[in-house]
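Chemist: Below are the C-alpha cells for one structure; questions will follow.
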Amino acid sequence: MSAATPPDFGQFFTPTSVSGWDLGLAAGSVLVGWILSIYARKGVLAALRRLQGISEGAAILTARIVRYAVLLLGIGTAFAFLGASIQPFLAVGLIVAAVIFLALRGISANFAAGIVLQTRHPLKVGDEIEAGDYIGRVRELNGRSVVITTRDGRTVHVPNSLLLEEPLVNHSELGRRRSEVQVRFRSTTPLAAVTDVALTALGTVAGLRPEHPPAVIVRTIEPERISLTVQFWHAPADDVAATSRVVAALGAALTDAGVDAVVTSEKPVEPLTPPPPL
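And the structure:
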C-alpha cells in the first residue's frame, strides 16, 4: 500500500527565488497590517460610540470586522511579496464576502439606515412618531430599529430601513398639533349664533394653545343642515384628550344655547355613490 501523497503547496507560488528582501518586506507587511488593524479598530470604535443609539455590542463587532479586514490585507500583501499567486486567495475572499453579504444584507441595511437617522436627526428619544400602522413615543434608537411605546402600552420595534423607505410622521417636532371636530345643526338656526357659541366655548377649554386661535370653517350648507369644522391647536400628544374636552364643551354650550346640534370627532364617511342633483 503506497503512502499518501502530500499536498503540493508550490502551485500557489510562482517559480522564482525568494530573496532576503522579499522575506523582510513580507514580514514588514504583516507587522504594518497588524499595527494598522489596531488603530483602525480603535478609530472605528470611537467613531461609533459618538453616534447615539448604536449599541456597544454592534460597535465592538463592527470594529472587530474592520480590524480583521486590515490584518488580512497585510497578510495578503506579504504573500504577494513572497511570489504567491493571489488568484486563489481572491476567489476565496470573494466567495466569503458574497456569503457574508447575503447573510447580513438585512442587518447591514438597518445598520446603515440607523447611521443616517443618527446624522439627520428626523426624530429623537421622547418624540411621538407615526410609522406604518403604529403611533407611539420613541423609547430607544439602536443599530437595528427604533423602539416605540404605543398609546395602548405595546412595545414596537420599527426597522430603521422602514423609516427611510416609507413616510415618517413626527408629531412632536414643531411642539404643537392641530385637531378638528365636526358640528352639524339644522339650517333654521342662525350660522353666526352657532359660530359665536362655539368660539366662546373653546375659550374655556383647558390645554389649547392660545397663540393659535381656534377657527370655525363652514363645510356644507344644505336645505336642512349646516356642517361646520372646528379647528384647534394643542400639545403634540394631547390630541385624544384635547378633542374629548372640546367635544364636551361644545356639546354643553350648544345645548345651553338651545341649539339642536351634533358634535363629533369622527369624520363623515364618503358616500359610495354621488348625491342626487338638487
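Residue numbers are given in the UniProt record's numbering: position 89 of the sequence shown equals residue 89, and the series is strictly consecutive.
Note that CB positions come from ideal geometry on N, CA and C, so glycine has one too.
Please read all numbers here as calculations on a predicted model, not as lab measurements.
Nearest by alpha-carbon distance to Ser187: which of Ile226, Ala97, Val246 is it?
Modeler: Ile226
Chemist: Kindly list the residues whose CB is nearer than 8 Å to the CB of Met1, restricted to its own chain and excluding five residues on each side of it in sequence; keep chain order.
Modeler: A caution first: Met1 carries a pLDDT of 48, below 50, which makes its placement in the model too unreliable to give a value.
Chemist: Please report the residue range of the alpha helix (DSSP H) in which Ile243 lies.
Modeler: First, the residue type needs correcting, since residue 243 is Thr and not Ile in the sequence shown. Looking at the DSSP string, the run of the alpha helix (DSSP H) that includes Thr243 is 239-256.
Chemist: Among Gly207, Ala241, His212, Val194, whose alpha-carbon lies nearest the alpha-carbon of Val218?
Modeler: Val194
Chemist: Decide if the region 235-246 is in contact with the region 198-208; the criterion is three or more beta carbon pairs, one per stretch, under 8 Å apart.
Modeler: yes
Chemist: Please classify Glu128 as buried or exposed, where buried requires at least 16 neighbouring CB atoms within 10 angstroms.
Modeler: Taking every protein chain shown into account, the CB of Glu128 has 16 or more other CB atoms within 10 angstroms, so this residue is buried.
Chemist: With a CB to CB cut of under 7 Å and the five nearest residues on each side skipped, what residues in its chain are close to Val216?
Modeler: Thr195, Ala198, Leu199, Leu228, Val230
Chemist: By Cβ distance, which residues of its chain are closer than 7 Å to Arg49, with the 5 residues on each side in sequence left out?
Modeler: Within the same chain, Arg49 has close Cβ partners Ala59.
Chemist: Are the beta-carbon atoms belonging to Thr149 and Ile135 less than 8 Å from one another?
Modeler: no
Chemist: Would you mind working out which of Val259, Ala201, Ala63 sits nearest Gly43, comparing C-alpha positions?
Modeler: Ala63
Chemist: Roughly how far, in whole angstroms, is the beta-carbon of Ile212 from the beta-carbon of Arg154, given that I think they are within contact range, below 8 Å?
Modeler: Correcting the residue identity first, residue 212 is His in this sequence and not Ile. Rounded, the Cβ-Cβ distance is 32 Å, inconsistent with contact.
Chemist: Pick helix, strand or coil for Ala98, following the three-state DSSP scheme.
Modeler: helix
Chemist: Closer than 7 Å by C-beta to Ala265: which residues in its own chain qualify, once you throw out the five before and the five after it? Chain order, please.
Modeler: Before going further, note that residue 265 is Ser rather than Ala in the sequence given. So the qualifying residues of the chain are Val181, Thr243, Val247.
Chemist: From Leu174 to Ala69, what does the alpha carbon distance come to, in whole angstroms?
Modeler: 44 Å
Chemist: Note down, in chain order, each residue of its chain lying with its Cβ closer than 8 Å to the Cβ of Leu61, except the 5 sequence neighbours on either side.
Modeler: none
Chemist: Under the rule that 16 or more other beta-carbon atoms within 10 Å means buried, what is Leu163, buried or exposed?
Modeler: buried
Chemist: With 16 as the cutoff for other CB atoms within 10 Å, does Ser19 come out buried or exposed?
Modeler: exposed
Chemist: Taking the alpha carbon of Val263 as the point to measure from, which residue in Gly74, Gly251, Asp256, Leu36 has its own alpha carbon closest?
Modeler: Nearest of Gly74, Gly251, Asp256, Leu36 to Val263, Cα basis: Gly251.
Chemist: Please list the terminal residues of the continuous alpha helix (DSSP H) segment that includes Ser37.
Modeler: 20-49
Chemist: On the criterion of 16 or more Cβ atoms from any shown chain inside 10 Å, does Arg144 qualify as buried, or is it exposed?
Modeler: Counting other Cβ atoms within 10 Å of its Cβ, Arg144 reaches 16 or more and is therefore classed as buried.
Chemist: For the alpha helix (DSSP H) containing Leu164, name the first residue and the last one.
Modeler: 160-165
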